[in-house]
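Chemist: Residue numbers (the numbering used here): 689 to 950.
Have a look at this one.
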Amino acid sequence: MTHRSKTKTSRTTPKNLSNERVQQLQNLLKKLSLVDPARSKSCPGTEPRGLAILDEALTHTSAQEIINHERLEFLGDAVLRLAASEYIDRHFPRMDVGERSALRAHLVSDRWLAEVGQRIGIEAVLIIGPMAAGDASAKPTLQAEATEALIGAIYECWQSLEPIHHWLTPHWQEASSAVLADPHRLNSKSALQEWSQARGLGLPRYECAERSKQHGDPQRYVCQVHLDDRPIGEGWGGSRRNAEQEAARHSLQALTQSATDN
């Protein structure tokens, strides 16, 4: 992890990258298998513009630089969802829409992004402010944000989803295998219902409210689950269905953790 003091830069004035920083970024691309050493000069990510974009993605807002990861994180969010949708369509063509949506939620989650970031050692190339660096609890969030921004940067460099698939498909294969090995993970509402009925607690009740009118807002709806006349969990989603699934998933996690603790 690199600390950098505040500097005055603008998008019209490219940042001069040190030789050490250039080497860091090139090594990262090699780790993602996006650079062929024999043809590295023809790789969009190793050209000056590409390196600047990668550096932007890996410069966190806490470093207090004008050019930071936020723009590419926003782009990466959309790119990730589209690429994950394509992955599911290619590998699970007979899966119904509801199951596709549930599986995609796992394949684009912050937890999954943080795991991918940890595996590629993204923290070592992330430029970050000293306060954020000292907050251990924020580490997974930082890794997830940086990984999503890196996805946006790679798309902007290559202008194609194929490098994203090349990098992320092995990670998606591992995650989807784990999810599909436990069908309840695709339908948390059914799993929660089975759990509650097996214990004679009746059916869960869901109360949903629309908190935003903006289409595409991933937290447009909030949903609370009630069981035996008491709230047991809450979830957010871009649709009522997704919010209910998230609420059920969080409830199951809390209930199973409580049972383990007792």
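Each residue gets a CB set at the ideal place from its N, CA and C atoms; glycine is no exception.
What you are looking at is a predicted structure, and each value in this text was computed from that prediction instead of being measured.
Three-state secondary structure (DSSP) at residue 741?
Modeler: Sequence index remark: in the sequence shown, residue 741 carries index 53 (1-based). In this structure, residue 741 counts as helix in the three-state DSSP scheme.
Chemist: What's the call for residue 781, buried or exposed, on a 16-neighbour Cβ count within 10 Å?
Modeler: Residue 781 sits at position 93 when you count from the first residue of the sequence shown. Answer is exposed; the Cβ neighbour count stays below 16.
Chemist: Go through its chain and collect everything with a Cβ distance to residue 839's Cβ below 7 Å, but skip five positions before and after it.
Modeler: Along the sequence shown, read from residue 1 onward, the residue named residue 839 stands at position 151. Counting only Cβ-Cβ distances below 7 Å, and skipping sequence neighbours, we find 764, 767, 768 and 852.
Chemist: Which same chain residues end up closer than 6 Å to residue 712 when comparing Cβ atoms and leaving out the 5 residues on each side of it in sequence?
Modeler: The sequence position of residue 712 within the sequence shown is 24, counting from 1. Result list for residue 712: 813, in chain order.
Chemist: Could you give the uninterrupted runs of the alpha helix (DSSP H) lying entirely in the stretch 840-873, keeping only those of 4 residues or more?
Modeler: 850-868
Chemist: Just to confirm, is the Cβ distance from residue 931 to residue 913 under 8 Å?
Modeler: Along the sequence shown, one-based indexing puts residue 931 at 243. Along the sequence shown, one-based indexing puts residue 913 at 225. Their beta carbons are not under 8 Å apart, which means residue 931 does not touch residue 913 by this criterion.
Chemist: How far does the alpha helix (DSSP H) with residue 785 in it extend, from its first residue to its last?
Modeler: Here the question's residue 785 lines up with position 97 in the sequence shown. First-last of the alpha helix (DSSP H) with residue 785: 785-795.
Chemist: Helix, strand or coil, according to DSSP, for residue 779 in the structure here?
Modeler: The sequence position of residue 779 within the sequence shown is 91, counting from 1. Residue 779: helix per DSSP, three-state reduction.
Chemist: Where does the unbroken alpha helix (DSSP H) through residue 709 begin, and where does it stop?
Modeler: Numbered from its first residue, the sequence shown carries residue 709 at position 21. Annotation for residue 709: the continuous alpha helix (DSSP H) segment containing it runs 707-719.
Chemist: Does the stretch 817-834 come close enough to the stretch 748-759 that 3 or more CB-CB pairs lie under 8 Å?
Modeler: yes
Chemist: Output the boundary residues of the alpha helix (DSSP H) element that contains residue 881.
Modeler: Residue 881 sits at position 193 when you count from the first residue of the sequence shown. Segment 876-886, the alpha helix (DSSP H) holding residue 881.
Chemist: Roughly how many whole angstroms lie between the Cα atoms of residue 792 and residue 874?
Modeler: Here residue 792 corresponds to residue number 104 of the sequence shown, with the count starting at 1. Here residue 874 corresponds to residue number 186 of the sequence shown, with the count starting at 1. Their Cα atoms are separated by approximately 10 Å.
Chemist: Of the residues 876, 805 and 761, which one's Cα is nearest the Cα of residue 923?
Modeler: Along the sequence shown, read from residue 1 onward, the residue named residue 923 stands at position 235. Answer by Cα proximity: 876.
Chemist: Assuming residue 739 contacts residue 705 (C-beta within less than 8 Å), just tell me the rounded distance between them.
Modeler: If you number the sequence shown from 1, residue 739 lands on position 51. If you number the sequence shown from 1, residue 705 lands on position 17. Indeed they touch by this definition, with Cβ atoms about 6 Å apart.
Chemist: Beta strand (DSSP E) containing residue 915: first to last residue?
Modeler: Sequence index remark: in the sequence shown, residue 915 carries index 227 (1-based). Taken as a continuous stretch (DSSP letters only), the beta strand (DSSP E) holding residue 915 covers 909-915.
Chemist: Which one of 834, 916 and 945 has the shortest CA to CA distance from residue 804?
Modeler: One-based indexing of the sequence shown puts residue 804 at position 116. The shortest Cα separation from residue 804 among 834, 916 and 945 belongs to 834.
Chemist: Could you check the C-alpha separation between residue 707 and residue 743 for me, to the nearest Å?
Modeler: Reading the sequence shown from its first residue, position 19 is the one you call residue 707. Reading the sequence shown from its first residue, position 55 is the one you call residue 743. Cα-Cα distance, rounded: 13 Å.
Chemist: From residue 787 to residue 771, what does the alpha carbon distance come to, in whole angstroms?
Modeler: By one-based count along the sequence shown, residue 787 stands at place 99. By one-based count along the sequence shown, residue 771 stands at place 83. Residue 787 and residue 771: Cα-Cα distance of roughly 17 Å.
Chemist: For a test of the three-state rule: what should DSSP assign to residue 810, helix, strand or coil?
Modeler: The residue you call residue 810 lines up with position 122 of the sequence shown. Helix.
Chemist: Among the candidates 842, 817, 794 and 778, whose CA atom is the shortest distance from the CA of residue 761?
Modeler: One-based indexing of the sequence shown puts residue 761 at position 73. The shortest Cα separation from residue 761 among 842, 817, 794 and 778 belongs to 842.
Chemist: I need the DSSP call for residue 898, collapsed to helix, strand or coil.
Modeler: The residue you call residue 898 lines up with position 210 of the sequence shown. Here residue 898 sits in strand by DSSP.
Chemist: When the Cα of residue 867 is compared with those of 795, 784, 934 and 943, which residue comes out closest?
Modeler: Indexing the sequence shown from 1 puts residue 867 at position 179. Closest option to residue 867, Cα to Cα, is 795.
Chemist: In whole angstroms, what separates the C-alpha of residue 854 from that of residue 837?
Modeler: In the sequence shown, residue 854 corresponds to position 166, counting from 1. In the sequence shown, residue 837 corresponds to position 149, counting from 1. Straight-line spacing of the CA atoms in residue 854 and residue 837 works out to 17 Å.
Chemist: Indicate the three-state DSSP secondary structure (helix, strand or coil) for residue 904 in the structure shown.
Modeler: In the sequence shown, residue 904 corresponds to position 216, counting from 1. Reduced to three states, the DSSP call for residue 904 is coil.
Chemist: Which of the three DSSP states, helix, strand or coil, is assigned to residue 828?
Modeler: For this step, residue 828 is matched to residue 140 along the sequence shown. Correct three-state label for residue 828: helix.
Chemist: Determine the direct distance from the alpha carbon of residue 941 to that of residue 919, and round the result to whole angstroms.
Modeler: The sequence position of residue 919 within the sequence shown is 231, counting from 1. The sequence position of residue 941 within the sequence shown is 253, counting from 1. Cα to Cα, residue 919 sits roughly 14 Å from residue 941.
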